[in-house]
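Read top to bottom, the protein sequences are chains U and C.
In this text, residue positions in the first sequence follow the working numbering: the first is 1, and each later residue adds one.
In this text, residue positions in the second sequence follow the working numbering: the first is 391, and each later residue adds one.
Even glycine gets a Cβ: it sits at the ideal position worked out from N, Cα and C.
Remember, it's a predicted structure, so these values are computed and weren't measured experimentally.
Worksheet: the structure to be examined is printed underneath.
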Amino acid sequence: MIAVRNRTAIAGIGRTVTDRDPDVDPMAHLAQALTSACADAGLSRREIDGVIVNLAPEEGSMDKLPEMLGLPSVRWSFQSWFHGRLEPTCLATGVWAVLAGQADYVACISTSQTLADFKHGYETRGREKSREGGGPHLENPPSGLISVGGGAALAWRKYLTKYGGDPDALGAVAVTQREWAHRQPEAYFCGRPISQADYLASPYVVEPLRLLDHCVPGNAAFCLIVTTAERARDAPKPPVYVSGLQGSSSGREHFIFSRTGLGVGQQTDEPYVAPDMPVYAAAGISRDEVQVFGALDAFSPVVLFTLEEFGFCAEGEALDWVQDGRTAPGGVLPLNTCGGGLSDVESFGWGHTVDLVRQLRGEAGDAQVPGVKVAQYATPDRSSIILTAD
Amino acid sequence: MIPTPVNWLDVGRLGRPLPRLSATNRPFWEATARRKLVLPRCPACDRWIYPISSICWGCDAGEPLIWSSLSGKGTISSWVVYHRVFRPFLPSDVPYVVLEVDLREGPRMIGAADRLHPEEISAGLAVQASFRDADDGLTLVVFEPEGE
Numbered sequence: 001m002i003a004v005r006n007r008t009a010i011a012g013i014g015r016t017v018t019d020r021d022p023d024v025d026p027m028a029h030l031a032q033a034l035t036s037a038c039a040d041a042g043l044s045r046r047e048i049d050g051v052i053v054n055l056a057p058e059e060g061s062m063d064k065l066p067e068m069l070g071l072p073s074v075r076w077s078f079q080s081w082f083h084g085r086l087e088p089t090c091l092a093t094g095v096w097a098v099l100a101g102q103a104d105y106v107a108c109i110s111t112s113q114t115l116a117d118f119k120h121g122y123e124t125r126g127r128e129k130s131r132e133g134g135g136p137h138l139e140n141p142p143s144g145l146i147s148v149g150g151g152a153a154l155a156w157r158k159y160l161t162k163y164g165g166d167p168d169a170l171g172a173v174a175v176t177q178r179e180w181a182h183r184q185p186e187a188y189f190c191g192r193p194i195s196q197a198d199y200l201a202s203p204y205v206v207e208p209l210r211l212l213d214h215c216v217p218g219n220a221a222f223c224l225i226v227t228t229a230e231r232a233r234d235a236p237k238p239p240v241y242v243s244g245l246q247g248s249s250s251g252r253e254h255f256i257f258s259r260t261g262l263g264v265g266q267q268t269d270e271p272y273v274a275p276d277m278p279v280y281a282a283a284g285i286s287r288d289e290v291q292v293f294g295a296l297d298a299f300s301p302v303v304l305f306t307l308e309e310f311g312f313c314a315e316g317e318a319l320d321w322v323q324d325g326r327t328a329p330g331g332v333l334p335l336n337t338c339g340g341g342l343s344d345v346e347s348f349g350w351g352h353t354v355d356l357v358r359q360l361r362g363e364a365g366d367a368q369v370p371g372v373k374v375a376q377y378a379t380p381d382r383s384s385i386i387l388t389a390d
Numbered sequence: 391m392i393p394t395p396v397n398w399l400d401v402g403r404l405g406r407p408l409p410r411l412s413a414t415n416r417p418f419w420e421a422t423a424r425r426k427l428v429l430p431r432c433p434a435c436d437r438w439i440y441p442i443s444s445i446c447w448g449c450d451a452g453e454p455l456i457w458s459s460l461s462g463k464g465t466i467s468s469w470v471v472y473h474r475v476f477r478p479f480l481p482s483d484v485p486y487v488v489l490e491v492d493l494r495e496g497p498r499m500i501g502a503a504d505r506l507h508p509e510e511i512s513a514g515l516a517v518q519a520s521f522r523d524a525d526d527g528l529t530l531v532v533f534e535p536e537g538e
């Protein structure tokens with residue numbers, strides 16, 4: 001295996017303030033995020049010679065964006081499939097491009113773009129296809145399983161059936177992430193904290209999921225500039241190293257809204273013990289050293305599935321584990337300190353990762369966790385990135 | 391004949407989402423129209439192939455799959471209740487229930503519930519497949535309590 005540990009780094013980050021204005025062109029957000037990231041990295045646009053786009057208004061945004069911004073030096077460009085699970089993979093692809101000498105500064109960029117594409121978890125464009133004979137999230141439209149949240153709801157019901165537990169306790173995830181969002185001026189739910197009573201008053205959308213278990217559709221864009229560690233050390237901001245990478249697992253056992261072995265869709269239904277995830281060895285750390293954690297949170301239960309998938313707690317224990325402030329400000333594992341998809345905007349991991357860079361730089365403002373040196377983002381289908389600071 | 395959808399969310403004349411059809415899955419929908427539940431099965435390893443596919447997911451024999459009948463009996467393994475209307479469903483459709491069913495023969499299948507009130511549902515409840523004409527030529531598999 002080619003070692004990636006600390007050979008590349010994030011030299012600049014940019015993001016836009018979340019809005020919910022349907023008249024705003026998502027490309028405007030993308031352009032602003034990229035120019036902000038350049039300023040943050042102390043680069044002029046002409047130094048950006050690589051671009052990778054994840055979510056964007058349309059295929060071809062990898063051409064549109066450099067055209068809009070007049071980027072004169074792009075010699076490596078790529079656009080991935082529009083799916084949120086691919087955020088770590090997009091960053092990894094930027095890392096490979098830098099390590100292979102294909103580009104010196106790769107702008108890795110994505111919009112949230114969900115305002116136009118999703119409404120309460122229903123994908124309006126029908127662009128994503130092909131899991132379980134339907135959509136990528138277990139959708140089965142002829143049977144009425146027609147929203148993105150349907151598969152997550154089936155997984156959550158399965159979890160409750162298998163392990164017991166009080167479904168209302170899931171409110172701890174939604175309420176805690178709002179607490180974090182309250183400390184983040186760019187988050188949609190900044191200034192809008194909620195209580196457990198608000199959670200319980202929230203209507204069911206796809207029972208057992210309530211409205212407050214759903215991520216927030218909105219407009220925002222995010223950019224991280226990947227370069228060599230050496231170049232990053234010359235940037236104005238302290239370097240944040242890409243220390244470990246892990247790809248997105250696929251196959252009958254893996255579903256982005258479920259934990260392995262839960263028995264959702266074609267998964268087997270069997271005892272689960274988290275394996276040694278290669279991302280930790282790649283980064284040269286143990287799981288216990290992670291100080292801030294980002295988890296995919298398109299729907300609240302997905303946070304629990306991610307914690308169990310990676311072994312932060314044992315099978316069936318995550319619902320109890322997130323009670324009592326463990327993931328809240330001052331807790332043992334601050335989680336989704338940007339507010340996440342549930343309370344900032346559904347960014348498919350991009351907002352989470354920009355936030356982890358801020359935490360590692362000490363730039364997270366009111367949400368800052370003291371002394372962060374190791375941070376991780378992960379999804380239930382095992383894609384992950386570990387970032388570290390000197 | 392079921393209309394051929396262009397998009398996986400295409401909706402038929404009577405307002406139901408249509409399945410994406412191909413040579414691979416057309417026999418399933420032709421069978422539901424005859425009130426039969428069938429799935430492909432691998433003659434080499436006897437596995438049921440679900441989601442419907444053109445190749446066995448569990449062995450390398452590579453033998454052509456054979457469409458075979460299932461009892462339609464199974465138990466509920468998970469379920470959700472839709473309270474919010476997502477088009478093309480109508481306000482009068484909610485609340486409605488979608489089930490995940492462990493079929494007796496093995497496959498775990500998604501299907502709409504019929505004659506099952508949300509309050510009556512629990513994991514392990516025995517159900518059986520039934521059929522409901524939902525659109526021009528489209529007959530859905532629905533699950534109802536066993537023995538009714």
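Methionine 277 of chain U sits in coil when the DSSP states are folded into three classes, being neither helix nor strand. Annotation: proline 334 of chain U is outside any beta strand (DSSP E) and is labelled neither H nor E by DSSP.
Cα atoms of alanine 221 of chain U and serine 249 of chain U: separation of roughly 26 Å, rounded to the nearest angstrom. Taken through DSSP and simplified to helix, strand or coil, threonine 35 of chain U comes out as helix. Three or more Cβ pairs drawn from the region 465–476 of chain C and the region 152–170 of chain U lie within less than 8 Å of each other, which places the two stretches in contact. Of the residues assessed, aspartate 390 of chain U falls on the exposed side of the cut-off, its CB having fewer than 16 other CB atoms within 10 angstroms.
The three-state secondary structure of aspartate 525 of chain C, taken from DSSP, is strand.
Listed in chain order, the non-local C-beta contacts of isoleucine 13 of chain U below 6 Å within the same chain comprise Ala37, Asp40, Leu224, Val354, Val357, local neighbours out to five positions each way being set aside. Annotated three-state conformation of glutamate 67 of chain U is helix, per DSSP. For leucine 245 of chain U, the enclosing beta strand (DSSP E) has its first and last residue at 240–246. Proximity of valine 488 of chain C to chain U, defined by a Cβ-Cβ separation below 7 Å, is satisfied. Excluding the 5 residues flanking it on each side, methionine 68 of chain U has same chain C-beta neighbours closer than 6 Å at Ala31, in chain order. Shown in chain order are the members of the region 203–217 of chain U whose Cβ falls below 9 Å from a Cβ of chain C: Pro203, Tyr204, Val205, Val206, Glu207, Pro208, Leu209, Leu211. Residue state for tryptophan 447 of chain C is assigned as coil, using DSSP reduced to three classes. Remark: C-beta atoms of arginine 178 of chain U and serine 384 of chain U do not approach each other more closely than 7 Å.
Counting C-beta pairs with one atom in each stretch, the region 172–186 of chain U and the region 358–370 of chain U have three or more that are closer than 8 Å, which means they touch. With at least 16 other beta carbons inside 10 angstroms of its own, isoleucine 146 of chain U counts as buried.
Nearest C-alpha to arginine 75 of chain U among U/Ser61, U/Asp104, U/Glu59: U/Asp104. Three or more Cβ pairs closer than 8 Å define a contact, and the region 320–339 of chain U meets that threshold against the region 292–305 of chain U. Within the region 492–521 of chain C, the residues whose Cβ lies closer than 8 Å to any Cβ of chain U are, in chain order, Arg498, Ile500, Gly501, Ala502, Pro508, Ala513. Counting only runs that start and end inside the region 429–487 of chain C, the beta strand (DSSP E) elements of at least 3 residues fall at 456–459, 463–472. With respect to aspartate 297 of chain U, glycine 339 of chain U sits apart: the two C-beta atoms are not nearer than 7 Å. In this structure, the alpha-carbon of valine 475 of chain C lies about 24 Å from that of glycine 527 of chain C.
DSSP lists U/Gly50 as the bridge partner or partners of tryptophan 76 of chain U. With contacts defined as CB atoms closer than 7 Å, proline 167 of chain U and proline 208 of chain U qualify as a contacting pair.
Here glycine 42 of chain U is not near valine 106 of chain U, since their CB atoms are 7 Å or more apart.
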